[in-house]
Amino acid sequence: MKKLPIEELAISVTEVMYENDPTLMDRYGDKGRRKCIEDNEHHFKHLQTAYELQNGQFFTEYALWLNGILSKYGMTEELLIENFKLIDDLLEREYKEYEATNDLRNYLASAVQSLQESALTAAEKGRG
Amino acid sequence: MNQNSRELAGFFLEGNIDEALRIVRECQRDSTSLEVFSSLFTPAMNYIGELWENSEINVADEHLATAVCDMVLSQVFPGYVKGEKVTKKAMLLCLEGEQHYLGLKMINRLFEENDWATKYFGSNLPLEYAVSTAVEWKPSVIALSVSIVYHLPKLKEYVMELESLPHKPLIIVGGRLAGKYDLRPYCSENTLIMNDITTIGNWLGQYQLGEKVNAI
Chain A
570 MKKLPIEELA ISVTEVMYEN DPTLMDRYGD KGRRKCIEDN EHHFKHLQTA
620 YELQNGQFFT EYALWLNGIL SKYGMTEELL IENFKLIDDL LEREYKEYEA
670 TNDLRNYLAS AVQSLQESAL TAAEKGRG
Chain U
306 MNQNSRELAG FFLEGNIDEA LRIVRECQRD STSLEVFSSL FTPAMNYIGE
356 LWENSEINVA DEHLATAVCD MVLSQVFPGY VKGEKVTKKA MLLCLEGEQH
406 YLGLKMINRL FEENDWATKY FGSNLPLEYA VSTAVEWKPS VIALSVSIVY
456 HLPKLKEYVM ELESLPHKPL IIVGGRLAGK YDLRPYCSEN TLIMNDITTI
506 GNWLGQYQLG EKVNAI
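Residue numbers (my numbering), protein chains in the order written: chain A, 570 to 697; chain U, 306 to 521.
As structure tokens, then:
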């Protein structure tokens, strides 16, 4: 498989995130922006690995693990879901012809669904 | 996790080699190497991994702990004096890019204690160099270690190429991922997948026993 231009993609997604929500720059500054690029590089690396292994489970488990860490810092799953949706938009818009795009978008959709299900389970436990 | 492992992890993180050595030597008095590895070192390093995953320690802490653990292993288990019976040969290596070598270092010791001559390559050995050494040295076993998902796509290539060498070595796959996922799709039916250090320790014991039985 042709390797994804991971650095380029991570920068593009981060730019859109910061354009969509200008308060991010005020809240987290340039250091936060650099971390966001780094995080997105990890998202793309895990997507690529899942594709090479032809197994979306690897990406879903990564997403759930990462969400567990983010939740310790008071972040909700919405942030990660929004990030994955922006990756999905970028793949659909600019990488339509790329051989892996369909699979990668399926992995993203499965991960989003698992994140939503796990949030629901956590909320039910909280109510119970 | 037992109290000793937790304490050991604390000394690794502090960089306190003397205290780490004290705990390990105390435990070593009435335990086998396999027991020291499986009930002391492995839980301690897994715990450090968890602390890192949960952002409770940073990369510098984790690297210090790894360096101290490595030094302690080298001091407590120095060069093994091999007996006259050494006829079996094993190569032990981490896949390209893989930096997590401590488990493999412990497994190398177990091979040595079971009368194997070994070549232990530590972290990150690209396939072409593994192949050229294996062609020349002809080990009957090649043990591969993989701990990070990013490196898993290379596993199949390593297994297929090494298993197809003319002298047909047995390939053993281990490392953190072997205990976490089903790695069979990335191996052949001949590959041995070992989930943890106890499994491989027991396999080495059985192998040794089989040899003795055959010799009678």
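Even glycine gets a Cβ: it sits at the ideal position worked out from N, Cα and C.
These figures come from a predicted structure and were not determined experimentally.
Worksheet entry | Exposure label - U:W421; buried when at least 16 CB within 10 Å | Position 116 of the second sequence, counted from the start, is the residue given in the question as residue 421 of chain U. Classification of U:W421: buried, given that the 10 Å Cβ count is 16 or more.
Worksheet item: With which residues is U:Y357 paired in a DSSP beta bridge?
Response: Counting from one through the second sequence, the residue named residue 357 of chain U turns up at place 52. At residue 357 of chain U the sequence reads Trp, which differs from the Tyr that was named. Partner residues in a beta bridge of U:W357, as assigned by DSSP, do not exist.
Practice prompt. With a threshold of 7 Å, establish whether the CB of U:S344 neighbours any heavy atom of the ligand ADP.
Written response: The ligand ADP is not part of the structure shown, which contains no ligands of any sort.
Fill in: Segment limits, beta strand (DSSP E) that includes U:S450
Counted from its first residue, the second sequence places residue 450 of chain U at position 145. 446 to 450 is the extent of the beta strand (DSSP E) around U:S450.
Worksheet item: Buried or exposed: A:H612, going by 16 or more other Cβ atoms within 10 Å of its Cβ?
Response: Here residue 612 of chain A refers to the residue found at position 43 of the first sequence. With 16 or more other Cβ atoms within 10 Å, it is buried.
Discussion item. Suppose you measure from the CA of A:E577 to the CA of U:V436; what does that come to, to the nearest Å?
Written reply: On the first sequence, residue 577 of chain A is found 8 positions in, with the first residue counted as 1. On the second sequence, residue 436 of chain U is found 131 positions in, with the first residue counted as 1. Spanning the two alpha carbons is a distance of roughly 35 Å.
Item to complete: Please name the residue, chosen from U:E494, U:V478, U:L488, U:L482, that lies closest to U:W508 on a Cα-to-Cα basis.
Response: Taking the second sequence and counting its residues from 1, the one referred to as residue 508 of chain U is at position 203. The shortest CA-to-CA distance from U:W508 to any of U:E494, U:V478, U:L488, U:L482 is the one to U:V478.
Discussion item. So A:K600 contacts chain U; which residues on that side make the cut at Cβ distance below 7 Å?
Written reply: Here residue 600 of chain A corresponds to residue number 31 of the first sequence, with the count starting at 1. Ordered by position in chain U, no residue passes the 7 Å Cβ test against A:K600, which lies about 15 Å from the chain.
Item to complete: Specify whether the stretch 580 to 600 of chain A and the stretch 653 to 660 of chain A touch according to this definition: at least 3 beta carbon pairs, one from each stretch, less than 8 Å apart.
Response: yes
Discussion item. Our contact map puts U:F316 next to U:I353 with C-beta atoms below 8 Å; I'd like the distance itself, whole angstroms only.
Written reply: Sequence index remark: in the second sequence, residue 316 of chain U carries index 11 (1-based). Sequence index remark: in the second sequence, residue 353 of chain U carries index 48 (1-based). Not really, about 11 Å apart at Cβ, beyond 8 Å.
Worksheet item: What beta strand (DSSP E) runs, 3 residues minimum, are completely inside the stretch 368 to 454 of chain U?
Response: 393 to 399, 421 to 425, 446 to 450
Worksheet entry | CB contact below 8 Å: U:Y512 versus chain A | Here residue 512 of chain U refers to the residue found at position 207 of the second sequence. No, its Cβ sits nowhere closer than 8 Å to a Cβ of chain A.
Discussion item. Closer than 9 Å between beta carbons: that is the criterion. Which residues of the stretch 412 to 445 of chain U meet it against chain A?
Written reply: none
Discussion item. What residue range does the beta strand (DSSP E) around U:G479 cover?
Written reply: Numbered from its first residue, the second sequence carries residue 479 of chain U at position 174. Counting along the chain, the beta strand (DSSP E) containing U:G479 begins and ends at 475 to 479.
Discussion item. Does any residue of chain U have a CB that is nearer than 8 Å to the CB of A:T618?
Written reply: As a position in the first sequence, residue 618 of chain A is number 49, starting the count at 1. Yes - at least one Cβ of chain U is within 8 Å of the one on A:T618.
Worksheet item: Cβ atoms of U:L313 and U:Q380: under 8 Å apart, would you say?
Response: To locate residue 380 of chain U, count along the second sequence from 1; it is residue 75. To locate residue 313 of chain U, count along the second sequence from 1; it is residue 8. The criterion of a C-beta distance shorter than 8 Å is not satisfied by U:Q380 and U:L313.
Worksheet item: U:L457 to A:S679, Cα distance in whole Å?
Response: Counting from one through the second sequence, the residue named residue 457 of chain U turns up at place 152. Counting from one through the first sequence, the residue named residue 679 of chain A turns up at place 110. Cα to Cα, U:L457 sits roughly 21 Å from A:S679.
Discussion item. Can you tell me whether U:I498 is helix, strand or coil according to DSSP?
Written reply: Along the second sequence, one-based indexing puts residue 498 of chain U at 193. Strand at U:I498.
Practice prompt. Measure from the C-beta of A:K572 to each C-beta in chain U and report whether the shortest distance is under 8 Å.
Written response: Along the first sequence, read from residue 1 onward, the residue named residue 572 of chain A stands at position 3. It does not; no Cβ of chain U falls within 8 Å.
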